[in-house]
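For what it's worth, this note's numbering labels the leading residue of the sequence shown as 150, then goes sequentially. Even for Gly, the Cβ is constructed at its ideal location relative to N, Cα and C. A short worksheet on the structure shown next.
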Amino acid sequence: MIKNAPYRFVDFQSLNFQYGHKDSLVNKYDSHTGMFQYLDKRDSLISEHLHFTKDDLLYLHRKAADLGFWDFPSNEIGDTTAAAKGKAVRYIIEFKYKEKTKRVIFDSDYFGNPKLIDANQRLIAEIQQRITAVEARGKSKK
Numbered sequence: 150m151i152k153n154a155p156y157r158f159v160d161f162q163s164l165n166f167q168y169g170h171k172d173s174l175v176n177k178y179d180s181h182t183g184m185f186q187y188l189d190k191r192d193s194l195i196s197e198h199l200h201f202t203k204d205d206l207l208y209l210h211r212k213a214a215d216l217g218f219w220d221f222p223s224n225e226i227g228d229t230t231a232a233a234k235g236k237a238v239r240y241i242i243e244f245k246y247k248e249k250t251k252r253v254i255f256d257s258d259y260f261g262n263p264k265l266i267d268a269n270q271r272l273i274a275e276i277q278q279r280i281t282a283v284e285a286r287g288k289s290k291k
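So this is what it looks like as structure tokens:
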């Protein structure tokens with residue numbers, strides 16, 4: 150079954166993860182370049198280099214498969230009125246493979262299937278936890 154999966158890890162190239170308010174996705178991670186940029190608690194833009202190991206990426210690939218990411222709709226956009234723009238957080242999750250790319254836009258105010266919302270939130274939490282772990286691993290080496 151894994152051999153015939155639509156997105157195979159042997160074809161994996163990179164993971165892109167972006168999030169922030171709908172009008173400005175300033176928090177970004179790109180596994181291809183290792184660039185990680187985020188706003189800290191004082192609203193200062195911090196840029197650093199984080200290197201995900203093959204095991205980190207395999208873990209996220211498998212977690213995405215377990216949660217059904219390949220079947221998620223591409224656009225899970227919430228309220229687009231001006232009143233909602235500053236409140237909701239938008240996430241863009243993109244897994245790139247040799248011949249395919251799966252990109253999902255998910256808004257925290259998306260109103261849809263509760264199971265789909267939960268799966269998105271769980272995948273986002275896994276990615277954020279992995280970024281935090283890689284960041285801590287890098288700091289412990291210094």
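Could you pull the start and end residues of the alpha helix (DSSP H) that residue i belongs to?
i, result
"R211", "K203 to L216"
Taking Cβ positions, are residue i and residue j nearer each other than 8 Å?
i, j, result
"D256", "G227", "yes"
"V253", "F201", "no"
"A274", "K171", "no"
Tell me, which residues are paired with residue i by DSSP?
i, result
"T250", "K245"
"Q278", "Paired residues: none, contrary to the question."
Please name the residue, chosen from the options, that lies closest to residue i on a Cα-to-Cα basis.
i, options, result
"A268", "N176, K247, W219 and A285", "W219"
"Q162", "K251, Y240 and V175", "K251"
"Y156", "F166, E248 and P222", "E248"
"L272", "Q186, V159, K245 and H210", "H210"
"A213", "E284, I276 and R286", "I276"
"D215", "V283, V159, A282 and L265", "L265"
Distance, Cα to Cα, residue i vs residue j?
i, j, result
"S193", "K288", "19 Å"
"K177", "F166", "6 Å"
"A285", "R279", "10 Å"
"G294", "Y240", "Because the chain is modelled from 150 through 291, residue 294 falls outside the range shown and cannot be assessed."
"D204", "F158", "11 Å"
"L199", "P263", "33 Å"
"S196", "Y259", "29 Å"
In the DSSP assignment, the beta strand (DSSP E) including residue i goes from what residue to what residue?
i, result
"V175", "S173 to D179"
"G169", "F161 to H170"
"L199", "Segment: none, L199 is in no beta strand (DSSP E) and carries neither H nor E."
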